[in-house]
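Read through the structure below, which is laid out as structure tokens, and then see the notes.
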Amino acid sequence: MNQTIILQSRPQGTPKLENFKIIEEKKPEPGSGEVLLQAKYISVDPYLRGRMRDEESYIPPFKVGEPIDSMVIAEVISSNNPNFKEGEFVSGMLQWKQFQISNGAGLNKIDEQRAPLTAYLGVLGLTGLTAYIALDKIGKLKSGETLVVSGAAGAVGSVAGQIGKINGCRVIGIAGSDEKIKKIKDDFGFDGGINYKSTSNMKKALAEKCSDGIDVYYDNVGGEILDAVMQNINDFARIINCGAISLYNKEEMPTGPRLEGILIKKSALMQGFLVRNHVKDFGPAINQLGTWLKEGKLKYDETIIKGFENTPQAFLDLFDGKNTGKMIVEV
Ligand code: NAP
2 MNQTIILQSR
12 PQGTPKLENF
22 KIIEEKKPEP
32 GSGEVLLQAK
42 YISVDPYLRG
52 RMRDEESYIP
62 PFKVGEPIDS
72 MVIAEVISSN
82 NPNFKEGEFV
92 SGMLQWKQFQ
102 ISNGAGLNKI
112 DEQRAPLTAY
122 LGVLGLTGLT
132 AYIALDKIGK
142 LKSGETLVVS
152 GAAGAVGSVA
162 GQIGKINGCR
172 VIGIAGSDEK
182 IKKIKDDFGF
192 DGGINYKSTS
202 NMKKALAEKC
212 SDGIDVYYDN
222 VGGEILDAVM
232 QNINDFARII
242 NCGAISLYNK
252 EEMPTGPRLE
262 GILIKKSALM
272 QGFLVRNHVK
282 DFGPAINQLG
292 TWLKEGKLKY
302 DETIIKGFEN
312 TPQAFLDLFD
322 GKNTGKMIVE
332 V
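First residue of the sequence shown: 2, per our numbering; consecutive thereafter.
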């Protein structure tokens with residue numbers, strides 16, 4: 002049989018296990034031009050929460066009663082498609098199913114010799130690309146500048162901080178535990194960190210850690226942490242709005258301080274970023290990330306949860322900060 006995870010109901014506020022359901026189906030058979038794929042690793046990502054709302058966005062919402070999809074690494078089990086051979090590994094936006102059929106559209110072959118399969122969901126996948134391309138297009142780091150990264154121990158944040166160090170910046174990370182702060186300093190070379198959960202005055206803590214002010218802010222969390230960073234930015238600062246996980250489960254959007262005064266006074270740039278708008282840059286970016294990995298300049302971390310049936314829980318755990326690095330399910 003073949004297990005599939007569907008969206009059972011739309012979450013209200015923080016998602017719960019009851020919003021998901023595992024159903025059993027018959028294992029599918031590939032037709033002409035099709036391949037049978039077996040999921041090996043599933044990426045769970047914060048943005049999937051947005052797709053659980055019945056709202057228009059840059060990507061269509063999930064439908065209640067239908068399978069969730071995300072980036073998946075799968076093995077070709079049998080192939081009636083001349084472009085794919087049995088035993089090859091591919092990545093693509095695939096459904097949360099153990100087995101599924103594809104006509105090959107949107108599948109990318111991945112090379113296990115170059116990097117472990119899971120790296121193609123993290124440092125050499127969309128999260129690594131997000132860190133790299135957003136810093137390249139908006140951050141425009143200069144040696145000696147101060148870069149602050151939130152969600153610093155996570156998939157995007159840990160790579161963004163290391164790219165800051167490669168570019169000669171002073172890098173301060175914000176994360177949700179003392180263990181995570183130790184990790185970003187010891188393993189990823191950040192110069193310092195702030196545990197936002199045990200810090201009552203983030204504005205002051207940032208001013209202390211960033212005595213020369215903040216030149217670039219890589220924002221993965223939004224909300225009050227963004228407000229505190231904005232009070233410490235330098236002239237011509239660049240603020241990358243990459244993610245706002247602190248707001249994803251809110252039913253009512255909180256309002257914060259008005260930012261236009263700060264942006265004008267500091268001649269600062271604040272720009273939203275979506276990695277999907279930069280597909281043409283993926284090739285060169287993966288090459289650069291791969292080179293840094295090989296040279297040992299870039300390290301990566303992942304939290305691997307075993308068991309297909311644990312995919313919903315792994316997704317929920319992102320909102321409790323249970324991961325360091327990329328959160329992945331091993332099917
Ligand atoms: P991640 O950082 O690996 O995991 C999410 C982390 O967010 C958790 O580990 C947790 O760490 C932190 N978090 C959870 N709730 C929080 C809250 N209320 N306030 C502050 N931090 C909170 O996830 P990721 O895949 O790398 O994604 C990071 C961000 O980038 C997300 O906002 C995501 O939506 C965004 N993103 C954007 C793009 C794009 O194209 N724009 C692409 C990929 C990802 P702590 O223990 O530190 O709280």
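Idealized CB from N, CA, C, for every residue including glycine.
- A straight line joining the alpha-carbon of Glu25 with that of Gly66 spans about 13 Å.
- Residue pairing from DSSP places Phe100 in a beta bridge opposite Gln39.
- Straight-line measurement puts the Cα of Phe274 at about 29 Å from the Cα of Phe21.
- Residue pairing from DSSP places Gly194 in a beta bridge opposite Gly174.
- Secondary structure of Leu275 (DSSP, three-state): coil.
- Distances taken from the Cβ of Pro47 to the heavy atoms of the ligand NAP include one shorter than 7 Å.
- Taking C-alpha positions only, Leu127 is separated from Val276 by approximately 7 Å.
- Assignment of Tyr59 by DSSP, reduced to helix, strand and coil, places it in the coil class.
- With contact defined as three or more Cβ pairs closer than 8 Å, the segment 221–235 and the segment 256–270 are in contact.
- Between Pro31 and Asn81, the CB-CB gap stays under 8 Å.
- In the DSSP assignment, Asp220 falls outside any alpha helix (DSSP H) and lies within the beta strand (DSSP E) extending over 215–220.
- The shortest CA-to-CA distance from Phe90 to any of Ile173, Val77, Trp97 is the one to Val77.
- Gln114 counts as exposed, since fewer than 16 other C-beta atoms from the protein chains shown sit within 10 angstroms of its C-beta.
- Distance from Thr15 to Asn250 at the Cβ level is roughly 5 Å; contact confirmed, criterion being Cβ atoms closer than 8 Å.
- Annotated three-state conformation of Gln9 is coil, per DSSP.
- For Phe316, there is no enclosing beta strand (DSSP E); the residue is found in the alpha helix (DSSP H) stretching over 312–319.
- Considering only Ser159, Met72, Ile265, Asn168, the residue with the shortest C-alpha distance to Thr325 is Ser159.
- In this structure, Gln99 keeps its C-beta atom at 8 Å or more from the C-beta atom of Glu252.
- Short of 8 Å from the beta carbon of Tyr59, and not among the five residues preceding or following it, lie these beta carbons of its own chain, in chain order: Leu275, Arg277.
- Cα atoms of Asp192 and Gly322: separation of roughly 22 Å, rounded to the nearest angstrom.
- In this structure, DSSP gives Met2 a state outside helix and strand, which the three-state scheme calls coil.
- Annotated three-state conformation of Ala106 is coil, per DSSP.
- The DSSP-derived three-state label of Leu260 is coil.
- Going by DSSP, Phe21 is part of the beta strand (DSSP E) stretching over 21–26.
- Within its own chain, the residues whose Cβ lies closer than 6 Å to the Cβ of Ala116, once the five positions on either side in sequence are excluded, are Leu125, listed in chain order.
- Pairing Asn311 with Leu37, the inter-Cα distance amounts to about 23 Å.
- Residue pairing from DSSP leaves Asn84 without any beta-bridge partner.
- The nearest non-hydrogen atom of the ligand NAP is 7 Å or more from the C-beta of Thr200.
- In this chain, the beta strand (DSSP E) harbouring Glu303 covers 303–307.
- Taking 8 Å as the cut-off, the beta carbon of Val157 is found closer than this to the beta carbon of Thr131.
- Take the alpha-carbon of Leu290 and the one of Gly129: they are about 8 Å apart.
- In the displayed model, Met72 falls within a strand according to three-state DSSP.
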